[in-house]
Amino acid sequence: MKKLTTIVPVLSFVIVFLYNRHFTYDYVEVQIDKGILKGFKTTTGRSNADYYAFKGIPYAKPPVGERRFKAPQEEAAWAGVRDALSHGNVCPHLDLAFGFLRGQEDCLYLNVYTPSVSSEGPLLPVMVWIHGGGFVLGSGNEEVYGSNYLLEAEVVLVTLNYRLGALGFLSIEDDEAPGNAGLKDQVAALRWVRRNIKHFGGDPERVTLFGESAGGASVHLHLLSPLSAGLFSQAIGQSGSGANPWVISHNVSNNTIRLAECLGAKNIDGDKRLALQFLKTAPYGDIIKIQSTLRTSEEVRTRVAFLYTPSVETGVNVDEAFLPDHPMEIIRSGKFNKVPYITGYTSHEGYLFMKELTKPETMNAAYEDTARYVPRDIKNEEFRNALGKSIRTFYFEDKPIGTDNISNLVDLYTDTTFVAGINIATKLQLSVGQSPIYFYPFSYDGGLNLLKYFFKISLPGAAHGDELGYLFNHQLLFWRKAEPASEDEDVMLMMVRLWTNFAKYGNPTPKGDWTGSRLEAYNGGQIQLFAHLRKG
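Quick note: the sequence shown, position 153, residue 153 per full-length UniProt numbering, numbers continuous.
The following block contains the structure:
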């Protein structure tokens, strides 16, 4: 019998081939600032509406060689006509399902899907999608983020890749490797949109940035970044915030040294610059494969999910810094990009960890060591332990965790991993003048809930990422569709209408056809609770 490691790449090749094949499409050419692109005309799968697709468009030079770990450089022009018929390389990461290495370093590509390629007449609102994946995996390609649903609502959709893991977020806290290269990739893509989207019928003055999980946290960080000012007019952050505990990396120079030493660097003696020089020439696959194995036992205990994520840029040219201070400090200063903002989360984000949570050792550790759930920036050990005991009482009523109260453990992970950070940041933004902010909870449990399907979770509610099936048609789940006149279709149409209304008007319910409630913020400001997306 063939080994799985042989079968998986073959299956992957077949899937990619099926996605990228083109039959008798009508081709179309568009002139942009760097040259001519050839895309193709196709139709949405639901209503057979026509649209145009341009895939694999470079928005920056390949981040290879001396450009590894550095901010992206503007893409070069090309002669003749460049095919934009299939996706470009994805950025290097380990496949979520099978663990094999995917992608190439030459990966800074985006995709444009549009109902029109005319720059004459009214231009359409633009929605730029940032994918999730913990800053360590994923891409903007159609396996998960198909464009059909959104295109039927007359918007232009842009999806993109950005550097991941250490290749995207390694730092030595100086100008040689200041960090946040992956976020600066996103800025470069937004600048590309600003320069070129009118050639695809899109309005550069109406750009909505949206994303989920790490993509949602990225969106929130763009609200706070001076580099992103003026590049978007609205923002939607789904299940992610710069205040979530898994977003901001600490001890970043030490993490760089640790990575180099584990890859075999000799005689660097704790020198971060020597570590960087070694890593610049290390095989990118080796970097990606080893980065997830470097956490210490204490980092695992205190739930440090990833070592290479966004970081505060210290010791660098402040004019080139994406994140010059901690997200909460930037919010407190009031110096951030105040645009209309939607934020929210699913009812049971903690299902993301379900496989781990059902292990007896996890249940025991969660009960005996609840101080691990206290934010890491609280250093006083006595205070941490007291807070830990309060957490145990609140969630478990001081009763050991078992299968009968596993839902309480899910709630704890939902709150500490996602909900608390989103709520704290949102209320603080309102207190310093951000308005309007729209908030949603998503609890609908239907046939297009992606994560619950893959993880075979039968408990009620919506898991992390489950709303995505109602915004994007997943090619990996092509056999699961919203049947006409079904509740799934109703929710899909509602989600698309709310999100695209926001892109068009800066308000998800511009006609007043949805009466929202309001949540009080710290200073008496109000968050508009415009939708509770649930079953029934």
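Glycine included, each C-beta is placed from N, C-alpha and C at the ideal position.
Query: Classification of Asn251 by the beta-carbon crowding that lies within 10 angstroms, buried from 16 upward; Result: exposed
Query: Counterpart residues of Lys280 in DSSP-defined beta bridges; Result: Lys280 is not bridged to any residue.
Query: N-terminal and C-terminal residue of the alpha helix (DSSP H) that Gln429 is part of; Result: Ala420 to Ser431
Query: Cβ-Cβ separation, Leu451 to Leu357 (assumed contact under 8 Å), whole Å; Result: Contact flag wrong, Cβ pair sits at about 14 Å.
Query: Counterpart residues of Lys41 in DSSP-defined beta bridges; Result: Asp26 and Tyr52
Query: Those residues which DSSP pairs with Trp129 across a bridge; Result: Thr159 and Phe210
Query: Given Thr414 as reference, the closest of Ser435, Met354 and Glu361 once Cα atoms are compared; Result: Met354
Query: Thr346 in three-state terms, based on DSSP; Result: strand
Query: Pair within 8 Å by beta-carbon distance, Leu231 and Phe322; Result: no
Query: C-alpha distance - Tyr59 paired with Gly216, whole-angstrom precision; Result: 21 Å
Query: Beta-carbon proximity of Leu190 to Leu164, cut-off 8 Å; Result: no
Query: Proximal residues to Val90 (C-beta, below 7 Å), its chain only, five neighbours per side dropped; Result: Arg102, Gly103, Cys107, Ser139, Asn141 and Asn161
Query: Residue span of the alpha helix (DSSP H) that contains Pro360, given as start and end; Result: Pro360 to Glu368
Query: Same chain, Cβ closer than 6 Å to Lys70, neighbours up to 5 away in sequence not counted; Result: none
Query: Where Thr309 falls: helix, strand or coil (DSSP); Result: coil
Query: DSSP beta-bridge partners of Pro441; Result: Tyr345
Query: From Trp129, Ser292, Thr44 and Leu459, residue whose alpha carbon lies closest to that of Asp95; Result: Ser292
Query: Length of the line joining the Cα atoms of Glu489 and Leu448; Result: 10 Å
Query: Coil, strand or helix - Val316 by DSSP; Result: coil
Query: Stretch-stretch touch, CB-based, cutoff 8 Å, three pairs: the region 302-316 with the region 233-249; Result: yes
Query: Collapsed DSSP secondary structure at Gly35 in the structure displayed; Result: strand
Query: Segment contact, 8 Å Cβ cut-off, at least three pairs: the region 365-373 with the region 390-400; Result: yes
Query: Neighbour-count burial assignment, Leu471, 16 or more Cβ in a 10 Å radius; Result: buried
Query: Own chain partners of Glu320 with C-beta closer than 6 Å, once the 5 adjacent residues on each side are dropped; Result: none
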